[in-house]
DNA sequence: GCATTTAAATTGTCAGACATTTAAATGTAA
DNA sequence: TTACATTTAAATGTCTGACAATTTAAATGC
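Next comes the structure, spelled out in structure tokens:
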């Protein structure tokens, strides 16, 4: 593990990158203890605060965890699903919110990915995931529901659909796509009419999954996509001419 | 922006989380300058090194960037595609390598996602993406190619397939799935026979896309998935009984 | 043999200083 | 007036040294 004296980047960034590479390459394995901060400072010929900044960078990416006390220190962290979900969702959400990505593009990506889960979901859906979907459908029919709550329920419904595929890697990948759309969806005002339409699609999807009918579920998803697209386009058009 | 004096977590983690929430909620917008380190230290009633550790955490997630000099400081960073790709790939790769995820599960997720891109790719593929795929197919047929190079070429081929869909959000989401599989694929020894088979599937996929035939491309992908699965299972079986 | 205390190691935090970088402000000469 | 060099101020980057808090192992006492 070395750093380049010619490199003009921050020392802490270089050190973090050097350790990150060791972890990615498997030369530092899960639960292995890194040298103490003082030893790392010696090794890289920098001060302890610089080492600490490097370690905090790695901790922010869940690559290491630290423990105080004797026999404490920094340990290579086993990246678990909740942490991975969180990181993916943060990254995806910011990517969408900061880059003027059109509603159309985000929508297309999300529904394409969801359709990818549908054949597996139709095959493997459980009473549990079906119950979640039914419960959210019921919630979405409540009259007093705020737009935010409706959106949150929508996310829960679609995550249950994804989880039905019973593939944790797929669930992880989809979490970013589904959650990152929520800020965009939150801009939509869901009228009673549009809620009714969405409810209808959700019911068709749940029904199709329950009957193990993948193609029917995919068809309903595609129609939901088209409908969501019109809702989103209306919002974007209204925002484009605010005095309209 | 406040931190909880009752909270026993690291101060730098709390401060980073407080600022992260401001960014995620849009209360700190792109290119906005954060207060200087000294001002933040005052605001949170902590020392400057603690503030710096917090800022390094955020920098590690590409949420901020820093600039030295007068009128420098920490600025909310516009998360760009390359940074988002990198973070997603790091997270996905570690998730797969550290959690004893079976080859089957990873493989299933990856090909399900790729099939999701295929209809769009068949519609929108360009001479450019087709040329990339043909070039990689040609490379994969070279006799002297190492297993690593073959895998790298495989990744390039599949990324070209994904990029053919011409949806950057989809490309970003798929990058994690495709790249994270590479360490698993690298464990496979590609015999001349298996290379020939894979080459055949790749050719069928490229041909189908060229002719805008989505279903033929999906069918070839599914067969490639089944074939990859058998290769992976052989490796896993051999690893399970090392004295075999 | 068990409970308690002590010691040691390590991270967390702080204070203060200096180095380096950057751009604006200032000064100077053509 | 303009162009260029210099100064200055503000900010991050880095270092030193210290102390606090935490945790475990070992030592001690009963």
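Protein chains in written order, with the working numbering: chain A, 146 to 389; chain B, 146 to 389.
Just so it is clear, CB atoms sit at the ideal spot from N, CA and C, and this is done for glycine as well.
### Query
If you drop the 5 nearest sequence neighbours on each side, which residues of the same chain put their C-beta closer than 8 Å to that of residue 306(B)?
Scanning its chain for C-beta atoms nearer than 8 Å, with the 5 sequence neighbours on each side dropped, one finds around residue 306(B) the residues 259, 262, 263, 266, 274, 278, 350, 354, in chain order.
### Task
Note down the Cα distance separating residue 118(A) from residue 202(A), rounded to an integer number of angstroms.
Since the displayed chain A opens at 146 and closes at 389, residue 118(A) lies outside it and no answer follows.
### Query
Just by C-beta distance, which residues in the stretch 218 to 233 of chain A are closer than 8 Å to chain B?
The residues in question are 223, 224, 225, 226, 229, 232, 233.
### Assigned secondary structure, residue 211(B) (DSSP; H/G/I helix, E/B strand, else coil)
Residue 211(B): strand per DSSP, three-state reduction.
#### Entry: Interface residues of chain A facing residue 296(B) [CB-CB closer than 8 Å]
None at all; the shortest Cβ gap to chain A is about 15 Å.
### Task
Check residue 189(A) in the structure and name its three-state DSSP category.
Helix, per DSSP.
### Message
Against chain B, with Cβ distances strictly below 8 Å, would residue 260(A) count as a contact?
### Response
Using a Cβ-Cβ cut-off of 8 Å, residue 260(A) counts as an interface residue toward chain B, since at least one Cβ of chain B sits closer than that to its own.
### Length-filtered (4 minimum) alpha helix (DSSP H) runs lying within the stretch 194 to 282 of chain A
Counting whole runs of 4 or more residues, the stretch 194 to 282 of chain A contains the alpha helix (DSSP H) stretches 226 to 243, 248 to 269.
### Message
For residue 243(A), tell me which candidate among 160(A), 325(A), 338(A) has the shortest Cα-Cα distance.
### Response
Checking every option, the nearest Cα to that of residue 243(A) belongs to 325(A).
#### Entry: Close beta carbons around residue 295(B), own chain, < 8 Å, minus the five adjacent residues each side
Taken in chain order, the residues that qualify are 285, 335, 340.
#### Entry: Proximal chain B residues relative to residue 373(A), where beta-carbon distance stays under 7 Å
Correct list: empty, because the minimum Cβ distance to chain B is about 15 Å.
### Task
Look at the alpha carbon of residue 183(B) and the alpha carbon of residue 322(A), and state the distance between them as a whole number of angstroms.
The straight-line gap from Cα to Cα measures roughly 38 Å.
### Message
Let's test the definition: count the other Cβ atoms within 10 Å of the Cβ of residue 195(B) and tell me whether it reaches 16, buried, or not, exposed.
### Response
Residue environment: residue 195(B) is assigned as buried (16 or more neighbouring CB atoms within 10 Å of its CB, all protein chains considered).
### Query
At a CB-CB cut-off below 7 Å, which residues of chain A make contact with residue 331(B)?
None at all; the shortest Cβ gap to chain A is about 11 Å.
#### Entry: Counterpart residues of residue 178(A) in DSSP-defined beta bridges
Within the DSSP bridge table, the entry for residue 178(A) names 220(A) as partners.
#### Entry: Proximity winner among 378(A), 370(A), 188(A), relative to residue 343(A) (alpha-carbon distances)
If we check each option's Cα against that of residue 343(A), 370(A) comes out closest.
### Query
Using the beta-carbon of each residue, which ones in chain A are nearer than 7 Å to residue 312(B)?
Neighbours of residue 312(B) on chain A, chain order: 250, 253, 254.
### Query
Would residue 338(B) pass as a contact of residue 311(B) if the rule is Cβ separation under 8 Å?
With respect to the 8 Å criterion, residue 338(B) and residue 311(B) are not classified as neighbours on the basis of their beta carbons.
### Query
Any residues in the stretch 191 to 202 of chain A with a beta carbon nearer than 7 Å to a beta carbon of chain B? Which ones, in chain order?
So the close ones are 194, 197, 198, 201, 202.
### Message
I'd like to know whether the C-beta atoms of residue 220(A) and residue 162(A) end up nearer to each other than 8 Å.
### Response
Going by beta carbons, residue 220(A) and residue 162(A) fall outside the 8 Å limit.
### Query
How would you label residue 174(A), buried or exposed, when you count the other beta carbons within 10 angstroms and need 16 or more for buried?
Label assigned to residue 174(A): exposed.
### Query
Secondary structure at residue 343(A), three-state DSSP: helix, strand or coil?
Secondary structure of residue 343(A) (DSSP, three-state): helix.
### Message
Less than 8 Å between CB atoms is the rule here; does residue 246(B) satisfy it with respect to chain A?
### Response
So, interface residue.
#### Entry: Opening and closing residue of the alpha helix (DSSP H) in which residue 333(B) lies
Careful: residue 333(B) lies outside any alpha helix (DSSP H) and carries neither H nor E.
### Query
Using a beta-carbon distance below 8 Å, is residue 327(A) in contact with chain B?
Not one chain B Cβ lies under 8 Å of residue 327(A).
### Task
Compute the Euclidean distance between the alpha carbons of residue 214(A) and residue 223(B), then round it to the nearest angstrom.
Across the structure, residue 214(A) and residue 223(B) are spaced so that their CA atoms are roughly 39 Å apart.
### Task
Look at the Cβ atom of residue 165(B), then the Cβ atom of residue 208(B), and state whether they are nearer than 8 Å.
Here residue 165(B) is near residue 208(B), since their CB atoms are less than 8 Å apart.
### Nearest to residue 218(A) (by Cα), restricted to the options 204(A), 328(A), 231(A)
When only C-alpha atoms are compared, the closest one is 204(A).
### Message
For residue 156(B) and residue 148(B), which I take to be in contact (beta-carbon distance under 8 Å), what is that distance rounded to the nearest angstrom?
### Response
Residue 156(B) to residue 148(B), Cβ: 7 Å. Contact.
### Message
Suppose you measure from the CA of residue 389(B) to the CA of residue 330(B); what does that come to, to the nearest Å?
### Response
Bear in mind that a pLDDT of 41 at residue 389(B), under 50, signals an unreliable position, so the number given afterwards is only what the model happens to contain. Each residue's Cα considered, the two are about 21 Å apart.
### Message
One question on the structure: do residue 298(B) and residue 308(B) come within less than 8 Å of each other, judged by their Cβ atoms?
### Response
No, they are not a contact pair.
### Query
Is the CB-CB distance between residue 256(B) and residue 366(B) below 8 Å?
Yes.
### Three-state secondary structure assigned by DSSP to residue 381(B)
Helix, per DSSP.
### Message
If we define contact as Cβ-Cβ less than 8 Å, is residue 236(A) a contact residue for chain B?
### Response
Answer yes: the Cβ-Cβ gap between residue 236(A) and chain B drops below 8 Å somewhere.
### Query
Within the 8 Å Cβ cut-off, does residue 214(A) reach chain B?
Not an interface residue.
### Chain-order list of residues whose beta-carbon lies under 8 Å from that of residue 246(A) (same chain, five-residue window excluded)
Correct list, in chain order: 240.
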